[in-house]
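Following: one structure in structure tokens, then a few remarks.
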Amino acid sequence: MKFKTFAAFVAPSVFMMLLFIAFPLVSVFIQSFYVTQPVYETVAVETCTPGFTGQICTTETKSVPRLDDNGKIVEVTRFVGLESYRNVLEPARFWAAVKARSWAALQAIDFWKALRFTLMFTLVTLPLVIGMGLAIAIVINNASRAIRGPVIFVSLLPFIITPVIGALSINWLFRGDGILTAGLEWWLGRDIALFAQAWTIELLMVLYRVWHVAPFAAIVFYAGLQTVNQDSLESALIDGASRWERLRYIIIPHLMPLITFVAIIHLMDTYRVFEEIVGFSSQGHVISLQWLTYDFLKPDQAGNRSISRASASAMLTMIGIVIILVPLLRRTWRDHRGAGA
Amino acid sequence: MQIRKILLAGAMSLASTGAWAGCAFENTVPLKSLSAGFEAWKAVTDAMAECGNFTAELDQEFREKQPEAFAADPALYQIGGVANSTMVPLLNAGTIRPLDDYIAKYGQQLSANQMIKIDGETYAIAMMVNNQHLMYREDILTDLGISVPTTWDEVLAAAEAIKAAGVVDYPLGGTFKTGWNLGEEFVNNYLGEGGAFFGDGNMPAINNPAGVRALEIMKAMTAYMDPEYLVSDSTYVQQQFQQGKIAMANLWASRAGAMDDAAESQVVGLVKMASAPMGSVRPASSLWWDGVVFATNMTEEEADAAFRVAMEGLDREMVEANNDVAVWLIDGYVPGPAAEGAIATANNGAVPYPASGPMGIMHTALGNGIADYLNGAKDAATTLADIEAAYLTSAKEAGLVE
Amino acid sequence: MSARALRQPLGLRLASGSFLALWCLIAAFPIVWITVMSFKAPVDAFSSNALHVIFGPETLARGKGWSVLDIVLGGAVIWATLWLAMRALPGAVRAWSPQGAVALGWVLGALGLGLGFIVVFFVAVPALTGLLNPLAGPLGQDVIGATTEHYRTVWIERGFANNFKNSLIVTTGVVTVSLTVGTLAGYGLARSGSTLAFWILILALVFRALPHSVLVAGYLPVFINSAEWLAPILGDNAPTLYGKPLAVIAVLVAINQPFTIWMLRSFFSNIPADLDEAARVDGCSHFQAFRRVIMPVMWPGVITTGLFSFLLAYNDFLVTSLLLDASNQTMVPAIAGMFNRETTTTDQVVAVAAAVSITAPLFLLVMAFQRQIVSGLTAGAVKG
């Protein structure tokens, strides 16, 4: 294919990605080395606000941003180098905690606390999703043809449901005396509060994520199972391979590319875990890397945002993602070279 | 019969959008407003919509958009709904206009108490006030022979007695959800102890005996609360009350009406209101107001129309139709039993929430940092020191601290 | 012989069957449960006693309930809808759609079925049972407390239909644009062995992994002030992009592009290159070869990819909540708004009803398309 033709085919797609993803990304990268802030002046201000019986007036000295002639806030931008990265990583406290060999002290620093949970969440859900997905795919494939349609439909429900709604339903089912917590209490005969400590919340998050994503894995694997080579299965049967051996040596290798695909998608998605933190309002116990970025970025009531730290934290998250993707990138590179040769 | 209901509902919704039914004039200038989304705002914006050509956006995340939307030229919204704290960024950026001329023209019915004045100029018109105050189950306290608690020690003693009697699941409720709610609880208690948040040059000043005492009160309360307190917001506490699961809570005045709502409450008539418990100095509460502001970046014609429409929303008829939705500041409001707690709290000397740029950062740092203390991960002094450090980092980045 | 030799022992079949049953229960339970909740009065819906939620004594006490007759009729309508979606709809669409507009046929068919269901279930059935119940004796007595009032509140008083319309605009836009742009790019990437193609794919993969909140937050000031910075180019007619569905469609398409082009590329890689080579030998350009040879065989992959685009656009919260104003808001941020405001318990049940309403179209969609999803995936839309 000539370059011109190729360019014509991919141009619209590449243009949109550059405009809406690459360009903002570059600006995030630049922002992480700069701090932009208004110029404040200290003035005495008399403020009168309503009380119940009458107005309450107070005079205080306040920091008020200076406005220019056009009525816009005067802002200065200065280069701060790696300061925002330092503010996110807090290396001084990190090394102090490491030297003291204190896990608790390390987990008192937001970034490392978030990193701990993000990694745990990613690594724990990965095998569970693959395992559950495989199991569901195999039992669906095992079911009689008549019920496969409805069963696939029901299996897909957790995957298609709007994530916001999914997290909310978990809230209704488990929070306080939610129906499932009440059921557990009745079954175990003791009082249970699932949102009261970190480990139960983490458990709920893991279960929710597996519930939500396993159907996707299952449907991909199920599609893969339809193309398993029947001849090799039969010859394995003649060789006296047991059911388990057939699964282990024929079916799983056949599905391996799909397993890699699902694993990659899952790694990328769980590494930026965020909805669960907000949906379960768990930030008192557990936070994640993307939540940290979001929290820096979200304006407080007075409109302050920490854009520089948010950018730094986003870049750090990206570095993590690239590290996770390295094995895949290397493989794709090898395939590409192989195909080109 | 169901068809008839549907048709009727359809007809009514048509009628209500049918313009200027309850409005003194017909508005011809297209206007938009952006405000928070609770009941009182719904009532007020519905009343404004009666003038026609008005659309209201009720969005609980409004504060993410409001500063940007008002800074655009022309502003995307002509009318804004704010509270003490959310007015700060608009005022700082100069994107809301002084209102004295319009008040002279159209605002005769406004009381002086409604006008938010900055250096003598009015920048906002308040419509309601709100604060957190004690709500309690009168029947339970009477049965156990406990008088209505007025200090935290009395609240804790009452909680102990209720726990011993075992009449409810949890003696206390609390809006301790991590983030804004939890920060607000600390602010209330710290103000109750007479603490000040900042020293000179916006330096933090919360790591002191008053701060430690405020934390200790909060921790003592959690012993009597649902162990899931870190996820309970005001809607949840209100529901716990309605389902008869808790006996006392320091809850928002705007929630008082729901206790007697027969459609959802199982404790109708049993929940009574009282002043927020006293700290060492004043009640553990802070006074809030909600009101309207008007964008700088709009034409004089729009500003004129916007102010008139807003006055129609804040009039006597609206209050008469929605008397118990809020503690209104508007003429015509008749304080009912639901407002008793809010008024008692104010009369006991509660102070306004100290809204400012640095306070926004401090509130966020508090909301994120206190959970570690309640979880037992840190002691009180370390918690406060860490919150001060987090505040300093953010305040330096914002340019508020050298 | 293979059939008999492959037959599984009873124990294994039982284990497999019961695992499947358990999974289906877990998969469906939360959705079924919130559906039940949405039909109850607030006191019942949030009761901690499961039986109260199911039978709704408090709702019944308020004179709102369903009789055996209601339940049978309602059940029949639901069953008929499911049957139509699964069996009749695919055939009908294939038979009635004009050539090349199958996707449109699907959209219209699904929409028609959904609307038909709403009219029959919420208007016709209640009217019919209203007449029949008094005549049916004990079968006409209310046995289960239930009410559809929350749905009426959502759709009529809260104007949810407008949000539904907006969701429809945004999702249709995203799916159409995303597939058009993505199919071209996917084909180009699959047929080009150049290093540039490789780097585009790698870059797309990294983009796919990016946390969205970082990108999206940067859009807000740019979109709000677009009238100012577009003015030099477009003059006085420069639009404010904030609040415009078109702008949101563009953003969602871009965010979704990396996944779309990866899926479509692997799908096209599985279509033998000989096919279009042959067409090229016959004198077709690349575009003609694409249109004449590839387009007819690409539908399974495109439908599957389109479904993923649909899910992304329909379920998105981050972009839509930030960049759309009230009049153009889609359903997901509208529902989140119902929760975030200071709510009463009644509001919460109304929001539950909204949550169920938003899930219903997804139901129909998956029912109609599940065969295509599986066949699309099998045909190689997904290959490592």
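Chains as they are written, first to last, in this note's numbering: chain A, -11 to 329; chain B, 87 to 488; chain C, 28 to 411. We put the CB at the ideal spot given by N, CA and C, even for glycine. Keep in mind it's a predicted model, so treat the numbers as computed, not measured.
What's the C-alpha gap between residue i and residue j?
| i | j | result |
| --- | --- | --- |
| residue 435 of chain B | residue 77 of chain A | 43 Å |
| residue 336 of chain B | residue 234 of chain C | 47 Å |
| residue 92 of chain B | residue 269 of chain C | With a pLDDT of 45 at residue 92 of chain B, under the threshold of 50, the modelled position of that residue is not reliable, and the figure given next carries that caveat. Approximately 35 Å between the Cα atoms of the pair. |
| residue 170 of chain C | residue 81 of chain C | 11 Å |
| residue 135 of chain A | residue 68 of chain C | 36 Å |
| residue 204 of chain A | residue 282 of chain C | 20 Å |
| residue 177 of chain B | residue 149 of chain B | 13 Å |
| residue 231 of chain A | residue 271 of chain C | 57 Å |
| residue 200 of chain B | residue 253 of chain A | 56 Å |
| residue 239 of chain A | residue 132 of chain A | 19 Å |
| residue 44 of chain B | residue 52 of chain A | The structure shown has nothing for residue 44 of chain B, since chain B only spans 87 to 488. |
| residue 130 of chain A | residue 45 of chain C | 12 Å |
| residue 56 of chain A | residue 62 of chain A | 6 Å |
| residue 231 of chain C | residue 288 of chain C | 8 Å |
| residue 161 of chain B | residue 321 of chain C | 50 Å |
| residue 99 of chain B | residue 183 of chain C | Any reading at residue 99 of chain B must be qualified, since the residue scores a pLDDT of 43, below 50, and its modelled position is unreliable; no value is offered. |
Take residue i as the anchor and find which of the options has the nearest alpha-carbon.
| i | options | result |
| --- | --- | --- |
| residue 165 of chain B | B/192, B/130, B/119, B/133 | B/119 |
| residue 291 of chain C | C/308, C/347, C/207 | C/207 |
| residue 264 of chain C | C/274, C/273, C/272, C/253 | C/253 |
| residue 214 of chain C | C/317, C/359, C/401, C/174 | C/317 |
| residue 7 of chain A | C/280, C/329, C/322 | C/280 |
| residue 276 of chain B | B/370, B/357, B/287, B/329 | B/370 |
| residue 347 of chain B | C/301, C/90, C/373, C/73 | C/373 |
| residue 153 of chain B | B/406, B/114, B/168, B/305 | B/168 |
| residue 111 of chain A | A/279, A/209, A/301, A/256 | A/256 |
| residue 381 of chain B | B/470, B/111, B/112, B/121 | B/121 |
| residue 19 of chain A | A/50, A/65, A/0, A/10 | A/65 |
For residue i, which residues in chain C fall below 8 Å Cβ to Cβ?
| i | result |
| --- | --- |
| residue 2 of chain A | 212, 227 |
| residue 145 of chain B | 353, 364 |
| residue 407 of chain B | Going along chain C, no residue has its Cβ under 8 Å from residue 407 of chain B, so there is no contact; the nearest lies around 17 Å. |
With residue i as the anchor, note down where its alpha helix (DSSP H) starts and where it stops.
| i | result |
| --- | --- |
| residue 100 of chain A | 98 to 130 |
| residue 46 of chain A | Taken as a continuous stretch (DSSP letters only), residue 46 of chain A belongs to no alpha helix (DSSP H), being part of the beta strand (DSSP E) at 43 to 53. |
| residue 273 of chain A | Here residue 273 of chain A belongs to no alpha helix (DSSP H), and DSSP marks it neither H nor E. |
| residue 173 of chain C | Premise fails: residue 173 of chain C is in no alpha helix (DSSP H) and is neither H nor E. |
| residue 417 of chain B | First-last for residue 417 of chain B: undefined, no H or E at that position. |
| residue 174 of chain A | 167 to 176 |
| residue 323 of chain B | 320 to 328 |
In the DSSP assignment, the beta strand (DSSP E) including residue i goes from what residue to what residue?
| i | result |
| --- | --- |
| residue 33 of chain A | 28 to 38 |
| residue 374 of chain B | 372 to 380 |
For residue i, go through chain B and note every residue whose CB falls closer than 7 Å to its CB, in chain order.
| i | result |
| --- | --- |
| residue 294 of chain A | 480, 483 |
| residue 26 of chain A | 485 |
| residue 372 of chain C | 325, 328, 350 |
Can you list the residues of chain A that residue i reaches, using a CB-CB cut of under 9 Å?
| i | result |
| --- | --- |
| residue 171 of chain B | 288, 289, 290 |
By the criterion of Cβ-Cβ separation under 9 Å, what are the contact partners of residue i in chain B?
| i | result |
| --- | --- |
| residue 15 of chain A | Chain B residues near residue 15 of chain A: none, gap ~17 Å exceeds 9 Å. |
Which residues in chain B sit within 8 Å of residue i, going by Cβ to Cβ distance?
| i | result |
| --- | --- |
| residue 73 of chain C | 325, 329 |
| residue 20 of chain A | Within 8 Å Cβ-Cβ: nothing; residue 20 of chain A doesn't reach chain B, min ~12 Å. |
Comparing the CB of residue i with every heavy atom of the ligand PLP, is any distance shorter than 8 Å?
| i | result |
| --- | --- |
| residue 160 of chain A | As far as ligands go, the structure on display features none, and thus does not contain the ligand PLP. |
Strictly below 7 Å CB to CB, what residues from chain C border residue i?
| i | result |
| --- | --- |
| residue 132 of chain B | Simply none; closest approach about 11 Å. |
Anything in the region 312 to 335 of chain C with a Cβ closer than 7 Å to a Cβ of chain A? List those residues in chain order, please.
Within the region 312 to 335 of chain C, the residues whose Cβ lies closer than 7 Å to some Cβ of chain A are 313, listed in chain order.
At a CB distance below 8 Å, what residues from the region 341 to 362 of chain C approach chain B? Give them in sequence order.
Taking 8 Å as the upper bound on Cβ-Cβ separation, chain B lies near residues 348, 349, 352, 353, 354 of the region 341 to 362 of chain C.
Along the region 220 to 254 of chain C, where does the CB come closer than 7 Å to a CB of chain B? Name the residues.
Taking 7 Å as the Cβ-Cβ cut-off against chain B, the residues of the region 220 to 254 of chain C that qualify are 247, 248, 251, 252.
Please name the residues in the region 135 to 159 of chain C whose beta-carbon is closer than 7 Å to at least one beta-carbon of chain B, in chain order.
Within the region 135 to 159 of chain C, the residues whose Cβ lies closer than 7 Å to some Cβ of chain B are 150, 153, 154, 157, listed in chain order.
Could you please tell me which residues of the region 43 to 70 of chain C, in chain order, have their CB closer than 9 Å to any CB of chain B?
Under the 9 Å Cβ criterion, the region 43 to 70 of chain C contributes 68, 69, 70.
Output, in sequence order along the chain, the residues in the region 306 to 320 of chain B whose CB is closer than 7 Å to any CB in chain A.
Under the 7 Å Cβ criterion, the region 306 to 320 of chain B contributes 312, 313, 314, 316, 317.
Check distances from the C-beta atoms of the region 257 to 286 of chain C to those of chain B and list, in chain order, the residues that come in under 8 Å.
Listed by position, the residues of the region 257 to 286 of chain C near chain B (Cβ gap below 8 Å) are 267, 269, 270.
Going along the region 148 to 162 of chain B in order, which residues come within less than 9 Å of chain C, judged by CB to CB distance?
For the region 148 to 162 of chain B, residues whose beta-carbon sits nearer than 9 Å to a beta-carbon of chain C comprise 150, 151, 154, 155, 157, 158, 159, 160, 162.
Give me the subset of the region 166 to 197 of chain A whose CB atoms are less than 7 Å from a CB atom of chain B, sorted by chain position.
The residues in question are 181, 183, 184.
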